[in-house]
Amino acid sequence: MNDILVTMHEELAQALQRKPDERRWAMLIDLRKCVGCHACTIACVSENKLPPKMHYRPVYEYEQGKYPKVSRTFLPRPCMQCDKPPCVDACPVKGEATWKETKGIGAGTVPIDYAKCIGCGKCVPACPYGARTMDEGKFHSEGTPAIQKYETMPSFEYGKQWPRSGKNQPIGNARKCHFCVHRLANGMLPQCITTCVGRAGYFGDENDPKSLIAQVKKANKVQILKAGKGTAPRVYYVSNDKLETLYR
Amino acid sequence: MNNLKKTKDKEEQSGLSRRDFLQKTALAGCAALAASQLDFAHMLIARVEAGELTAAEAYELMKAENTLYTVCLNCNTGCGIKVKVLDGVAVKIDGNPYNPFTLNPHLPMKEDLNYAAKLDSGICPKGQAGHQGAYDPYRISRVLKRAGKRGEGKWQAIPFDQAISEIVNGGLLFKQVPGEESRQVAGLKEIFALKDAKVYEEMGKDVAALRKKKTPEEKLAAIAEFKVKHAANLDKLIDPEHPDFGPKNNQFVYMWGRKKGGRADFAKRFTEQFGTANTHGHTTVCQGSLYFASKALSEQYVGDTFKDGQKFYWQADQENSEYIMFVGANLFDANYGPSNRSPRITQRLADGKLKITVLDPRFSKLASKANRWVPVLPGTDAAFANGAARWILENKRFDAKYLGNANKAAATAGKETTWCNAAWLIKLDKEGKPASLLRASDIGLKDKETRKDKDGKEFTFEYLVAMQGGKPVPFDPNDEKEAVVGDLFVTAELTAQDGKKVKVKSGLQVLLDTVREKSIAEYAAICGIEAKVIEEVAKEFTSYGKKACVDMHRGPAQHTNGFYNISALYALNLLIGNFDWKGGMIVASTFNTDGTKTEAQPFNFKKITPKSPKAFGLSIIRHDAKYEESTIFDKDKYPAKRNWWPLSSDVYEEIIPSCADAYPYPIKALFSYCGAPTYSLPAGHTQIEALVNLERIPLYFASDITIGVTTVYADYIFPDLHYLERWEMQGSHPNMPVKVQPIRQPVIQSPNEIVTVFGEQQPISYEAVWLALAEKLGLPGFGPNGFGEGQPLTRPDDFYIRMVANVATDGKEPVADAQAAEIELFTKSRRHLPKNVFDVDRWKAIAGASFAKVVHVLNRGGRFETQENSYKGDQVANKWGKYINLYQEKTAKCKDAFTGKHYLGMAKYMPIVDCLDRPPTEQSKGYDLHMITQKDVRMTKSRTITQQYLNDSTGENGIVIHTSDAKRLGLKTGDQVKVISATNAEGSWNLQNGKKKPMVGKVQVTETIRPGIITILHGQGHWATGAVDQTIDGKVIKGDPRRAMGINANAAMWVDSHLKNTCMIDKVGGSVSFYDTKVKLVKV
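As given, the protein sequences belong to chains A and B, one line each in that order.
Everything in the first sequence is counted per our numbering, starting at 445 for the first residue and increasing by one.
Everything in the second sequence is counted per our numbering, starting at 4 for the first residue and increasing by one.
Pasting the structure below:
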């Protein structure tokens, strides 16, 4: 038996050989296995060079019950890459700054073109999941004797390089999770999936019925967040809790 | 001196005055970000835009040439990491897929490096943030010398050579500090008094003999005799009236916090040549009583006594267990550790294939995944264990076959690899209490024998006795041929040779009688739970054969009764005989580094290390020594001033306060490495008070990467290398079935000043300090001929490349040779490292014929056995394979230095007490809350505060309290409260520099903790490490308030009422009392 990281890594190589319109990238998070370690949150911050207080994938913690009959639930929340994304509708730069991608490696995701984004911030409140944040250009080592070089080195979002300094993009832009499309392009799983110590995260082409994610989805009752919003998310959850009561 | 001059010349040429130079560079991160540093990034983006690079090519982080494998040290789990380096900067860290701590099963060593570069494996958030520790703007890069009072935060950056000279030569080192104008400081040269190895040996032998004298008169006579015999060398002793204090060399005390193999060996090479008995680690602040109870459990019967116990412990083979009872262990937040243990259990937990019970007053993350949460009261673990043992014994749910095996032959016949003394006979003392094991000669059953050990040395062997069908039978516990199986429940009276009656019981009978001292209902009441819970858990635990475990950690260990808690819990594992079984309790297993394992290993360190004098005399913490045998016992009697530790070592809380008490003798110099005792220890404020005592700690120098919460009190701080910049042999942990040796190696350049030691340029490091001190003192084993004629030890790689070669060649088969392409990649991926760190020709010369194997290992961050080879049938491949003590004779023979009472050979629940066995009744009055502490996976004790990714995610810690307590006290989430206790009524840290840090934090109300208990997360509330302003060369370096946030309430933890300058302690196992204090919250 392989570690599921290896299984999904190998499946990814196969999925990349399929055509974008045959593929359906999806993520599944099994909350029974999420141990609330926040490694996904931090790995994403580091990979994508996120400024202070910006988390593409926070992990929310919930407590329920009365002592001694209590429970704790950890809920990682990436961008849902909605098939009906309200953020896209809210963007005044219609279809150019942010859109539902149909082409290429990132087909199915909701990307942002930092060059086209005007930084108006209208998409931020439009997202029912709070998945978008404005980049105000802050640094983690701000307020210390010196800004450190690792923070100014480029991130590789969307397969480009974004050195962080001055008013360089994405400073001033809205930012969000993109399923690490720059990693997918290179046959690597999203960062939050690879560093999940509980192995709660699944990623792959759910159109492939043999893929691990498709099998886990089939074997379990899955939930989506805020189903009532009609956003058609591409992130599924397996949980013993009713998530609609936890995540409002 | 030459070097100093060179620097000066260069400065004069550049027109930069020394003062300017120092101000600019004393802090590593102080240099302003140069515009040129952005060039690399700009160049890349330009190339992408110009279409020269495709998007795929631009993802530089997936390339093997930008990937280096090493080992994390943001906590001691030491997971394998893969560091992605761009333009010399570590920009991203992920898991090393070759290392079983991050992938299960891990990639075999033969897997291609290009494949591995693209396969990231799982590490925890601390590992992910590790590079922020290396690029901490508050790191120091030059030696800092105290320019004000200790702890005042005033420093002068001085040349490395000057610092080494001053420490070695001593003198009026701080004459510029008001009040210290005439304070003469002894240097190491003066402390390094006794050098003659022969005198060492003679004196050592005589001291050992003197300690064995039975009466005060005999002892005095022996001292007089000693003084006559050693008249010529008495001036080299600390106190000729007390030869057992040892030589003046013992007045150099070296202590450390987090240190692993390799660095440990490096230091030992120095301290052994220096001849000091004072080298002490930090084990007791973590889980000391777990280690030392396990040491007691692992003592082996050799000749006629017990010895060779190992400082180690067992954990569960969690990937194959079907049931685990975790006691005070939270493997999703700590517990060696989230990255390796979680992926081995989460799916099986979700599928119901593994059931777990969690004993913890706090509903931990682990408890949230458990089938059963048992919120026992803190410090009552042994009561639970005793109750469960009683139920198991009375309901015959134990493995009688396992327990009956009295020796190795019997165990082997029963397919067991371990055995215990459940069937051995134990003599009872006059009061009917179990004492020593019965020797066959005691009852004339079989005579002593003279045997020879493997070196041909003669020793006396005594047979032990088991009962078979009511008839005593002699046996040798290590006999591999004649199997002896004994009766399990024996209470009998035998006749000694002199005709006297000898009352005996079997080991299991002693356990039964011990646990029957209380009813299960009484045990449950102590734990604060229902009796049926103990019964149900005991039943569950005994329902899975050998695939069940009791896995424990800090929780039960860090109490005044820690040693007995641990021993009582391990007894449950013995009752089902789960050791070495798949799914049972297992041990760690590592590839050897010092070359003493196989003939194929090229560098046997025993052979390439000059013989050193054998240090003798008491250590400042009085470990490995019995009080009654010392020369101060006869005068002082009971209670002793401080504790003695016949069974434990590395008693962290004892080091500095013992120096302050000059007990048993005054010290002259203290060197601390990578530790924060003031911050991490309970009642840490007492450690601060001791550190500012100039008379009792005349010289204190330290190795640290920042001005830390302890090193802020030092006289000199030497900048160390961050873990991404240095070498270490990480070793393993007992939850890892795979044999490993993860190797930490430099993957980025250090910001530290380059200095010359033994003529070799190198960044200042921990090793450079030892090397320079050795150079100045002329210690053998270091320098151009350190490893033998023409074999230098003048820099770290001389030492560590040899160790890597040994790792590569250990075992039945060595690793494969790296082929040409891999060797090329090896060099290419290190292209950013300066020659003073990495030089392929130098490394080749050091490794010799093993070079290609060294490359193979370093290219993968260590050596790892395959997953398949980690099991053999139903057992693990890497076995304990030895005897285990259910009843601890050695422990029973030791006495409590305060009461003179014997320790317990059979563990049982003991209430929380101070040194004099007084329950803390008085100091509890009026303090209504029981304080414990906890870890979060995002924080290690003192060192993660430098990493803002982590702080940002964790947020400010607080005081976690149950809803009912909050309601009773009128508190709500967010309220600011102060934590006070009977021994810190003011509720603050006295920093001894005119400042106080109040223990104030925010209330966090929850249902997930037992009412009456509060918990506080470790890692925040700093008063240094960049948290506050420091002045270097007259320039103020502003602190970062984010690092001062939150609360550390360790100073509220009880100070022992007898010791008065130390927290409460476990007198047997050494652990500090972390979870026993009662406190009160006062609204601010």
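A virtual CB, placed ideally from N, CA and C, is assigned to each residue, including glycine.
As the structure is a computational prediction, the values presented were derived from the model and not from experiment.
- Segment contact: the segment 520-537 of chain A against the segment 579-598 of chain A, fewer than three CB-CB distances shorter than 8 Å; contact not assigned.
- Put simply, the backbone Cα of Arg645 of chain B is about 8 Å away from that of Tyr666 of chain B.
- Going by beta carbons, Pro598 of chain A and Gln605 of chain A fall inside the 8 Å limit.
- By the Cβ test, the segment 772-782 of chain B is not in contact with the segment 731-746 of chain B, since fewer than three Cβ pairs between them sit closer than 8 Å.
- Straight-line spacing of the CA atoms in Leu116 of chain B and Ala821 of chain B works out to 11 Å.
- The Cβ atoms of Ala808 of chain B and Ala848 of chain B lie no closer than 8 Å to each other.
- Listed along chain B, no residue sits closer than 7 Å to Met524 of chain A by beta-carbon distance, the nearest being about 21 Å off.
- Taking 8 Å as the cut-off, the Cβ atoms of Phe387 of chain B and Tyr526 of chain B count as close.
- About 7 Å separates the beta carbons of Thr639 of chain A and Asp123 of chain B, which is inside the 8 Å limit, making them a contact pair.
- Neighbours of Lys975 of chain B in chain A, taken as residues at a C-beta separation under 8 Å, are lacking, since the least C-beta distance is about 16 Å.
- Distance from the CA atom of Arg149 of chain B to the CA atom of Lys263 of chain B, rounded to whole angstroms, is 29 Å.
- 8 Å or more divides the Cβ of Gly678 of chain B from the Cβ of Thr709 of chain B.
- Cβ atoms of Pro559 of chain B and Leu577 of chain B stay farther apart than 8 Å, at about 16 Å.
- As computed with DSSP, Ala495 of chain B is found in a beta bridge with B:Val507.
- In its chain, beyond the 5 residues on either side, Tyr573, Ala575, Ile668, Leu669, Thr675, Pro677, Arg678, Val679 have a beta carbon closer than 8 Å to the beta carbon of Met524 of chain A.
- DSSP places Asp955 of chain B in the helix class (H, G or I) of the three-state scheme.
- Taken through DSSP and simplified to helix, strand or coil, Asp384 of chain B comes out as helix.
- Between Thr1065 of chain B and Val1071 of chain B, the C-beta gap is not smaller than 8 Å, which leaves the two residues out of contact.
- For Cys484 of chain A, the enclosing alpha helix (DSSP H) begins and ends at 483-491.
- With a cutoff of 8 Å on beta-carbon distance, Leu30 of chain B and Ile1035 of chain B are scored as near each other.
- Going by DSSP, Asp707 of chain B is part of the beta strand (DSSP E) stretching over 702-707.
- Per DSSP, Val1087 of chain B is not a residue of any alpha helix (DSSP H), being assigned neither H nor E.
- Contact annotation for Cys640 of chain A against chain B: Gly125 [CB-CB distance below 7 Å, chain order].
- Contacts between Trp376 of chain B and chain A, judged by CB atoms closer than 9 Å, involve Pro512, Val514 in chain order.
- In this structure, the straight-line span from the alpha carbon of Ile700 of chain B to that of Ser706 of chain B is close to 17 Å.
- Within the segment 383-458 of chain B, the runs of alpha helix (DSSP H) that reach at least 4 residues and sit entirely inside it are, in chain order, 384-397, 403-407, 411-416.
- Its chain contains Ala534 as the residues whose beta carbon lies nearer than 6 Å to that of Ala524 of chain B, once the 5 sequence neighbours on both sides are disregarded; these appear in chain order.
- Counting every other CB atom within 10 Å of its CB across the protein chains shown gives Asn872 of chain B a total below 16, marking it as exposed.
- Here the alpha carbons of Ala412 of chain B and Thr957 of chain B stand approximately 54 Å from one another.
- In the three-state scheme derived from DSSP, where H, G and I count as helix and E and B as strand, Val741 of chain B is classed as coil.
- Lys121, Leu122, Asp123, Ser124, Gly125, Ile126, Cys127, Pro128, Lys129, Gly130, Gln131, Ala132, His134, Gln135, Ala137, Tyr138, Asp139, Pro140, Tyr141: these are the residues of the segment 120-154 of chain B whose beta carbon lies less than 9 Å from some beta carbon of chain A, given in chain order.
- With a threshold of 8 Å between beta carbons, His626 of chain A makes contact with chain B.
- Looking at the DSSP output, Glu657 of chain B sits in no beta bridge, so it has no partner there.
- Taking 8 Å as the upper bound for CB-CB distance, Ile1050 of chain B and Asn960 of chain B are in contact here, some 6 Å apart.
- Between the alpha carbons of Pro685 of chain B and Lys513 of chain A lies a gap of roughly 32 Å.
- Here the alpha carbon of Ser522 of chain B sits roughly 57 Å from the alpha carbon of Ala119 of chain B.
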